[in-house]
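Q:
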Amino acid sequence: MHEHLRIRDEAVAAQWPDRYDGDAELTAALDAVRAASDHSVRTIVDPTPMLAGRDVGFMRRVSEETGVQIVPCTGIYTYGYLPHYFENRDADQMAELFVADIERGIQGSDVKAAFLKCAADAPGVTENVEKVHRAVARASVQTGAPIMAHSRPASNTGPRQVEIFREEGVDPGMIQIAHTGDTDDLDYIEGLLDTGVLIGMDRYGLELFLPIDRRNATVAELLRRGYADRMLISQDFCATIDWFPEQAVEAMLAQGLVRDWSMTLVFEQVLPALQNEGVLSDEHVETIFVENPRRWLTAGR
Ligand SMILES: [Zn+2]
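Sequential numbering of the sequence shown, starting at 257, is according to the working numbering.
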């Protein structure tokens with residue numbers, strides 16, 4: 257439900273293309289998707305929007321070479337910054353571009369965006385972040401496309417994000433609050449679930465936010481409480497990401513901040529652990545990995 261074929265700053269990549277190895281990026285994406293395919297994955301939802309380097313040609317190529325369907329989005333990935341282009345235009349003008357991606361196609365192609373993406377993180381729901389959320393919500397209401405919102409439980413962003421979507425008239429069944437699994441605060445999580453939204457338990461391997469065993473304990477308890485049909489499990493894996501210099505990546509790995517992060521970690525470690533504990537049935541797996549994504553993606557159509 258939540259994996260990235262490639263994350264990079266599109267402005268830096270456009271201005272200093274020699275700093276990027278396109279062949280290595282493609283190879284990394286192909287390897288990751290093929291590994292997932294070996295675990296019977298037939299469709300990958302890639303929530304990479306503007307400012308995270310969305311490139312529909314890259315997605316199409318990986319899809320064609322692997323036979324795995326890649327589902328693209330529209331939207332803006334920002335914790336506060338917006339280009340002047342959008343600072344001087346309102347939420348409706350922003351929404352118009354999102355709608356074009358959904359109805360006509362992305363970047364001049366005939367590949368249409370299937371859902372909308374926005375983000376709130378440590379700075380909270382700032383003015384610019386709220387503008388993107390309202391634009392995403394309006395495009396959702398207009399087109400029936402669902403919404404995936406990057407959240408930060410540690411900054412309590414989820415409730416306010418849901419509130420904005422609801423103010424704009426979005427049905428809660430079309431809203432997915434990503435990264436809810438970064439916390440094991442069950443009161444926070446149930447508070448979100450009470451609003452009717454879906455939650456992403458989607459950063460397995462990113463130990464810096466929450467270690468695997470605590471993520472598993474949270475998912476296990478939510479299964480016991482009957483929330484199988486409200487959860488989406490994923491890794492938020494990035495086949496490549498340009499955010500950190502090589503040394504910093506090595507340090508993070510050495511410190512255990514990232515562990516066994518891949519597009520297959522969930523199949524290799526998480527499902528076996530939950531099955532051993534006796535909380536995850538085959539029916540749950542079908543619900544979480546097939547039915548929930550399908551229901552969310554098609555909720556408004
Ligand atoms: Zn992501």
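All residues carry an ideal CB built from backbone N, CA and C; glycine is no exception.
Skipping 5 residues on each side, what residues in its chain have a beta carbon closer than 7 Å to that of residue 452?
A: Position 196 of the sequence shown, counted from the start, is the residue given in the question as residue 452. So the qualifying residues of the chain are 428, 429.
Q: Between which residues of its own chain and residue 484 is the CB-CB distance below 7 Å, once the five residues before and five after are set aside?
A: Counting from 1 along the sequence shown, the entry for residue 484 is found at position 228. Once the five neighbours on either side are set aside, the close Cβ partners of residue 484 are 540, 543, 544.
Q: Provide the residue(s) that pair with residue 373 in DSSP beta bridges, ordered along the chain.
A: As a first step, residue 373 must be located in the sequence shown, where it is residue number 117. For residue 373, which the question treats as bridged, DSSP gives the partners 331, 404.
Q: Residues around ligand 1, please: the condition is that the C-beta lies closer than 6 Å to some non-hydrogen atom of it.
A: Listed along the chain, these residues meet the criterion: 258, 260, 303, 492.
Q: Would the C-beta of residue 415 count as close to ligand 2, meaning under 7 Å from any of its heavy atoms?
A: This structure does not include ligand 2; its bound ligands are ligand 1.
Q: Run the CB neighbour count on residue 283, radius 10 Å, all protein chains shown included, and call it buried at 16 or more, exposed below.
A: Against the sequence shown, residue 283 aligns to sequence position 27. Counting Cβ neighbours within 10 Å, residue 283 comes out exposed, since fewer than 16 surround it.
Q: For residue 288, count the other beta carbons within 10 Å of its own beta carbon; 16 or more makes it buried, fewer makes it exposed. Which is it?
A: Residue 288 sits at position 32 when you count from the first residue of the sequence shown. Buried, since its Cβ has 16 or more Cβ neighbours within 10 Å.
Q: Indicate the three-state DSSP secondary structure (helix, strand or coil) for residue 559 in the structure shown.
A: Summary: the structure shown does not reach residue 559, with the chain confined to residues 257 through 557, and so no result is reported for it.
Q: Sort out for me which residues DSSP pairs residue 258 with in a bridge.
A: Here residue 258 refers to the residue found at position 2 when the sequence shown is read from its first residue. Beta-bridge pairing links residue 258 to no other residue.
Q: What first and last residue would you give for the beta strand (DSSP E) that runs through residue 487?
A: Reading the sequence shown from its first residue, position 231 is the one you call residue 487. Segment 487-489, the beta strand (DSSP E) holding residue 487.
Q: Give me, in chain order, the residues of the same chain whose beta-carbon lies closer than 6 Å to that of residue 555; leave out the 5 immediate sequence neighbours on both sides.
A: Locating residue 555 in the sequence shown gives position 299, where the first residue counts as 1. Only 402, 429, 430 meet the Cβ criterion.
Q: From the DSSP output, in three-state form, read off residue 521 for me.
A: In the sequence shown, residue 521 corresponds to position 265, counting from 1. Residue 521: helix per DSSP, three-state reduction.
Q: Within 10 angstroms of the Cβ of residue 538, are there 16 or more other Cβ atoms? Answer buried if so, exposed if not.
A: Residue numbering aside, residue 538 sits at position 282 when the sequence shown is read from its first letter. Label assigned to residue 538: exposed.
Q: What's the call for residue 341, buried or exposed, on a 16-neighbour Cβ count within 10 Å?
A: Position 85 of the sequence shown, counting from 1, holds the residue named residue 341. So residue 341 ends up on the exposed side.
Q: Count the CB pairs spanning the stretch 387-400 and the stretch 340-356 that are closer than 8 Å, and state whether there are at least three.
A: Yes, the stretch 387-400 is in contact with the stretch 340-356.
Q: Enumerate in chain order the residues of its own chain whose CB-to-CB distance from residue 314 is below 7 Å, with the five nearest sequence positions on each side excluded.
A: Counted from its first residue, the sequence shown places residue 314 at position 58. Taken in chain order, the residues that qualify are 261, 262.
Q: Would you mind working out which of 505, 267, 522 sits nearest residue 488, comparing C-alpha positions?
A: To locate residue 488, count along the sequence shown from 1; it is residue 232. When only C-alpha atoms are compared, the closest one is 522.
Q: Cβ of residue 367 within 8 Å of Cβ of residue 324?
A: Walking along the sequence shown from the start, residue 367 turns up at place 111. Walking along the sequence shown from the start, residue 324 turns up at place 68. No, they are not a contact pair.
Q: For the stretch 500-511 against the stretch 468-477, do three or more pairs of beta-carbon atoms, one drawn from each stretch, fall closer than 8 Å, so that the two count as touching?
A: No: fewer than three Cβ pairs fall under 8 Å.
Q: Should residue 511 be labelled buried (16 or more other beta-carbon atoms within 10 Å of its own) or exposed?
A: Numbered from 1 along the sequence shown, position 255 holds the residue referred to as residue 511. Result: exposed.
Q: Starting from residue 299, follow its DSSP beta bridges and name the residues at the other end.
A: Counting from 1 along the sequence shown, the entry for residue 299 is found at position 43. According to DSSP, residue 299 bridges with 325.
Q: Looking at C-alpha atoms only, which residue of 322, 299, 370, 476 is the closest neighbour of residue 526?
A: Along the sequence shown, read from residue 1 onward, the residue named residue 526 stands at position 270. The option with the nearest alpha carbon to residue 526 is 476.
Q: I'd like the span of the beta strand (DSSP E) that includes residue 454, first residue to last.
A: Working through the sequence shown from its first residue, we reach residue 454 at position 198. Unbroken beta strand (DSSP E) run through residue 454: 454-457.
Q: Does the beta-carbon distance from residue 375 to residue 405 come in below 8 Å?
A: As a position in the sequence shown, residue 375 is number 119, starting the count at 1. As a position in the sequence shown, residue 405 is number 149, starting the count at 1. A contact, by the Cβ cut-off of 8 Å.
Q: Using beta-carbon positions only, say whether residue 373 and residue 303 come within less than 8 Å of one another.
A: Taking the first residue of the sequence shown as position 1, residue 373 is located at position 117. Taking the first residue of the sequence shown as position 1, residue 303 is located at position 47. Against a cut-off of 8 Å, the Cβ pair of residue 303 and residue 373 comes out as a contact.
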